[in-house]
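Asks:
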Amino acid sequence: LRSDQRKAAWYRAVEACGLVVTVRPVDLESFDAWLLDRLKRAGLVIEKDALALFASMMEGNLLAAAQEIERLKLAGLPSPLTSEALATQLEDSSHHSAFAFVDALMAGDAPRVARALENLRQEGESPLGPLAVLVSTLRRAEKGDWMPSKQQRLLPAFRRRVGPLAV
155 LRSDQRKAAW YRAVEACGLV VTVRPVDLES FDAWLLDRLK RAGLVIEKDA
205 LALFASMMEG NLLAAAQEIE RLKLAGLPSP LTSEALATQL EDSSHHSAFA
255 FVDALMAGDA PRVARALENL RQEGESPLGP LAVLVSTLRR AEKGDWMPSK
305 QQRLLPAFRR RVGPLAV
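Convert by adding 154 to the 1-based position in the sequence shown; the result is the number in this note's numbering.
1) Using only the alpha-carbon positions, how far apart do phenylalanine 312 and alanine 261 sit?
2) What is the residue span of the alpha helix (DSSP H) that proline 281 lies within?
3) By DSSP, does leucine 231 sit in helix, in strand, or in coil?
4) The alpha helix (DSSP H) with proline 265 in it runs from where to where?
5) Quick one: measure Cβ to Cβ for valine 174 and valine 168, integer angstroms, because I've assumed they're closer than 8 Å.
6) Between which two residues does the alpha helix (DSSP H) holding threonine 242 run?
7) In chain order, what residues of the same chain lie with their CB nearer than 6 Å to the CB of leucine 259, ignoring the 5 residues before and after it?
8) Out of Ala295, Ala252, Ser280 and Ser210, state which residue places its alpha-carbon closest to the alpha-carbon of proline 265.
9) Nearest-angstrom Cα distance between serine 233 and leucine 198?
10) Between the Cα of glutamate 238 and those of Val287, Lys227 and Asp203, spot the shortest distance and give me the residue it belongs to.
11) When every heavy atom of the ligand ZN is checked, does at least one fall within less than 8 Å of the C-beta of serine 233?
12) What residues in its chain sit with their C-beta under 6 Å from that of alanine 252, if we drop five residues either side in the sequence?
13) On the criterion of 16 or more Cβ atoms from any shown chain inside 10 Å, does alanine 241 qualify as buried, or is it exposed?
14) For tryptophan 188, I'd like the list of residues in its chain whose CB is within less than 7 Å of its CB, leaving aside the five on either flank, ordered along the chain.
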């Protein structure tokens, strides 16, 4: 929630009579560092290319990443962990939402767009869901409505690539 929402009366009322747990998402730029920190806390050392492989296979799925780290710890693999060792141990647990697809699209990250679309297809997601999120995002951008800060940062580069928005 935004700062102004956390100051609202309804939020303070919930906070007064219950427990409020603030969970901040780990964005893609921070994911490698999050993984590396989790691996270190588990006593595991990993090569740089193996970390990149691990991150790509877990992209967007923190629970699966945490579970895989525990599994790797129990597997007793030699240190440092290599790409070859991870390739035999890990399953692709990346998860993408329609929102992650739009973020990748706006960032111009074609490989991530392709992975997101493939994951959404494998999960049985209708292509209309991501399309609706994209159209909504473009409309908000054109009107200048509030957008998440991540998308606000991506908007100038997106506009340079695609030109003026007319949705």
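No residue lacks a Cβ here, since even glycine has one placed at the ideal position from N, Cα and C.
Replies: According to the structure shown:
1) Along the sequence shown, one-based indexing puts residue 312 at 158. Along the sequence shown, one-based indexing puts residue 261 at 107. Whole-angstrom Cα-Cα distance: 7 Å.
2) Stepping through the sequence shown from its first residue, residue 281 is reached at position 127. Per DSSP, proline 281 belongs to no alpha helix (DSSP H) and is neither H nor E.
3) Within the sequence shown, residue 231 is the residue found at index 77, counting from 1. Leucine 231: coil per DSSP, three-state reduction.
4) Within the sequence shown, residue 265 is the residue found at index 111, counting from 1. Looking at the DSSP string, the run of the alpha helix (DSSP H) that includes proline 265 is 264-276.
5) The sequence position of residue 174 within the sequence shown is 20, counting from 1. The sequence position of residue 168 within the sequence shown is 14, counting from 1. Rounded, the Cβ-Cβ distance is 6 Å, consistent with contact.
6) The residue given as residue 242 occupies position 88 in the sequence shown. Run containing threonine 242: 237-243, per the alpha helix (DSSP H) assignment.
7) The sequence position of residue 259 within the sequence shown is 105, counting from 1. Around leucine 259: Val267.
8) Your numbering for residue 265 matches position 111 in the sequence shown. Looking at the Cα atoms, Ser210 is the closest of the given residues.
9) Here residue 233 corresponds to residue number 79 of the sequence shown, with the count starting at 1. Here residue 198 corresponds to residue number 44 of the sequence shown, with the count starting at 1. Using only the alpha carbons, I get a separation of about 7 Å.
10) Numbered from its first residue, the sequence shown carries residue 238 at position 84. Cα-wise, what sits closest to glutamate 238 is Asp203.
11) Of ligands this structure carries none, so the ligand ZN is not represented either.
12) Here residue 252 corresponds to residue number 98 of the sequence shown, with the count starting at 1. Hits under 6 Å: Gly283, Pro284 and Val287.
13) For this step, residue 241 is matched to residue 87 along the sequence shown. So alanine 241 ends up on the exposed side.
14) Here residue 188 refers to the residue found at position 34 when the sequence shown is read from its first residue. Cβ neighbours of tryptophan 188 beyond the five flanking positions: Val180.
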